[in-house]
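I have placed the structure first, in the form of structure tokens, so that the comments after it can refer back to it.
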Amino acid sequence: MVRISVLRLGHRPQRDKRVTTHVCLVSRAFGADEILVNTRDAELEKTVNDITERFGGNFTIKTGINWKKYMQSFEGVKVHLTMYGIPVQDIISEIPRDRDLLIIVGSEKVPGEVYKMADFNVAITNQPHSEVSALAIFLDRYFEGNELKKRFNGIMRVVPSKNGKNVKIFTRDECIKVLKEQGADEKLIDHSIAVADLALKIGVLCNADLPLLECGAILHDIGRTRDNSVSHGITGALILRSLGYPEDIVNIVKRHVGGGIESEEAIKLGLPETDLIPETIEEKIVCQADNLISGTKKIKLENILDYYRKKGLIRSVERIRSIHRYLSDLIGKDLDEL
């Protein structure tokens with residue numbers, strides 16, 4: 015897999031703190047995997063690592079790098095961003111997409127050697143402006159805008175809003191707090207925690223979005239604070255939507271009942287005509303974890319299948335078995351063995 019690195023030259027901790035921090039943030043947000051800074055700066059490392067820890071992703075930072083040795087040893091493509099280079103629109107198509115990429119971004123005067131060591135000297139207009147904007151534009155052209163679709167699986171999630179700010183915190187404590195605020199009793203909370211524990215055991219084995227998974231599992235039965243019927247998933251979704259939660263959480267809650275509910279079944283059950291079959295990996299995990307937890311105890315697949323057979327819900331039996339098989343194959347172990 016291609017790895018994108020950014021090399022920041024000429025960083026002066028006392029003078030360039032803000033600008034270099036922004037270079038780091040743009041690198042992370044626009045699709046790079048790491049940033050390398052030539053000057054040792056522990057405070058900068060702490061700032062960037064803290065952002066990555068809270069907002070997600072695998073972005074890394076290293077400072078105190080010997081830039082010349084690093085460039086000499088780098089085996090991929092080296093791109094130097096400079097106002098003196100070839101305009102990005104004229105050269106971007108020639109930059110290979112199948113090799114590791116090192117993007118060099120200067121601060122103070124860049125050594126002349128860099129121009130010679132680079133495979134491409136690229137200009138984002140041949141006019142003086144910010145290295146931050148140059149890096150952002152280059153990465154956007156390189157990824158053809160696809161970097162804007164990247165998901166960051168952090169505990170802090172910005173929910174896009176037309177007006178104001180909406181940030182949700184995807185932690186267990188925060189979600190339990192929400193349950194309590196909605197009137198959940200200890201029995202419901204204990205069940206939700208047990209479901210979350212099992213969901214996380216599954217999730218760590220299949221590269222799921224763990225903060226999203228845990229939050230969805232803790233909140234999956236929030237609808238039961240108002241509605242203890244088969245419609246509690248929809249009720250819970252309405253509650254979370256009213257609280258400003260993003261749709262990926264809303265859908266986990268909405269689609270967790272049984273093995274999911276098809277639109278035809280939904281009508282017969284008196285629910286809105288909508289497909290409530292779990293789709294994403296996180297939706298499927300929470301759905302099945304809930305099926306395998308009775309109260310706070312883990313049960314076997316056959317136990318839950320017998321329950322649905324006795325109720326005559328044969329289609330639910332097949333869906334639950336199908337999700338169980340899918341997840342078991344995905345993690346390389348039968349869920350009954352967890």
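Residue numbers for the sequence shown follow my numbering, beginning at 15 and rising by one.
Where is the CB? At the ideal position from N, CA and C, for every residue including glycine.
Since this is a predicted model, take the numbers as computed values, not measurements.
Legend entry - Best match in G258, R113 and D112 for proximity to N177 [C-alpha to C-alpha]: For N177, the closest C-alpha among the options G258, R113 and D112 is that of G258.
Legend entry - Which residues DSSP lists as bridging L290, in chain order: For L290, which the question treats as bridged, DSSP gives the partners I275.
Legend entry - Residues that H94 bridges to, as DSSP identifies them: Looking at the DSSP output, H94 bridges to I118 and N135.
Inset, instruction - Give me the Cα-Cα distance between R339 and L306, rounded to the nearest whole angstrom. - result: Straight-line Cα distance between these residues: approximately 13 angstroms.
Legend entry - Buried or exposed by the 16-neighbour rule on C-beta atoms within 10 Å, applied to S19: Answer is buried; the Cβ neighbour count reaches 16.
Legend entry - I263 beta carbon less than 8 angstroms from that of L214: No, the pair does not count as a contact, with Cβ atoms beyond the cut-off.
Inset, instruction - Check whether the Cβ atoms of A231 and I295 lie closer than 8 angstroms to each other. - result: Against a cut-off of 8 angstroms, the Cβ pair of I295 and A231 comes out as no contact.
Legend entry - Pairwise C-alpha distance: V62 and L38: The sequence shown places Cys at residue 38, not Leu. Cα-Cα distance, rounded: 7 angstroms.
Inset, instruction - Tell me whether L162 sits in a helix, a strand or coil according to DSSP, three-state version. - result: Of the three classes helix, strand and coil, the one that applies to L162 here is helix, per DSSP.
Inset, instruction - Note down the Cα distance separating D187 from S121, rounded to an integer number of angstroms. - result: Roughly 42 angstroms between the two C-alpha positions.
Legend entry - Sub-8 angstroms separation of L96 and T77 beta-carbons: Residue identity differs from the one stated: residue 96 is Thr in this sequence, not Leu. Not a contact, by the Cβ cut-off of 8 angstroms.
Legend entry - Cβ shell of P292 (< 6 angstroms), same chain only, five flanking positions each side left out: By the criterion of a C-beta distance shorter than 6 angstroms, P292 is surrounded in its chain by R269, G274, K298 and C301, once the five residues flanking it on both sides are discounted.
Legend entry - Exposed unless 16 or more other CB atoms sit within 10 angstroms - verdict on G237: Result: buried.
Inset, instruction - State buried or exposed for H205, treating a residue as buried only when at least 16 other CB atoms are found within 10 Å of its CB. - result: H205 comes out buried.
Legend entry - For I169 and H25, the rounded distance between their alpha carbons: When rounded, the separation of the alpha-carbon atoms in H25 and I169 is 30 angstroms.
Legend entry - Bridge partner(s) assigned by DSSP for K76: Among the bridge pairs identified by DSSP, K76 is matched with L50.
Inset, instruction - Look up M170 in the DSSP assignment and give the residues it is bridged to. - result: Per DSSP, I183.
Legend entry - For K201, the residue or residues it bridges with in DSSP: In the DSSP secondary-structure assignment, K201 is not bridged to any residue.
Legend entry - Through-space distance from D199 to E23, alpha-carbon basis: One point to set straight first is that residue 23 is Leu, not Glu, in the sequence displayed. Approximately 56 angstroms, taken between the alpha carbons.
Inset, instruction - Using a threshold of 8 angstroms, state whether the C-beta atoms of L50 and Y84 are closer than that. - result: Less than 8 angstroms divides the Cβ of L50 from the Cβ of Y84.
Legend entry - Limits of the beta strand (DSSP E) - the one that L283 falls within: Unbroken run through L283: none, as it is neither H nor E.
Inset, instruction - Under 8 angstroms by Cβ, that's how I've got I355 and A137 pegged, so tell me the actual separation to the nearest angstrom. - result: Only positions 15 to 352 of the chain appear in this structure, which leaves residue 355 out of reach.
Legend entry - Contact set for I151: own chain, Cβ-Cβ below 8 angstroms, skip 5 residues either direction: The beta carbon of I151 sits closer than 8 angstroms to those of V102 and I138, all from its chain and outside the five residues before and after it, given in chain order.
Legend entry - Beta-carbon spacing of E48, T74 below 8 angstroms: Yes; because the gap between Cβ atoms is below 8 angstroms, this pair is in contact.
Inset, instruction - Could you pull out every residue in the same chain whose Cβ sits closer than 6 angstroms to the Cβ of R17, ignoring the five residues on either side in sequence? - result: Contacts found: D47 and D114.
Legend entry - Classification of T310 by the beta-carbon crowding that lies within 10 angstroms, buried from 16 upward: By the 10 Å Cβ count, T310 comes out exposed.
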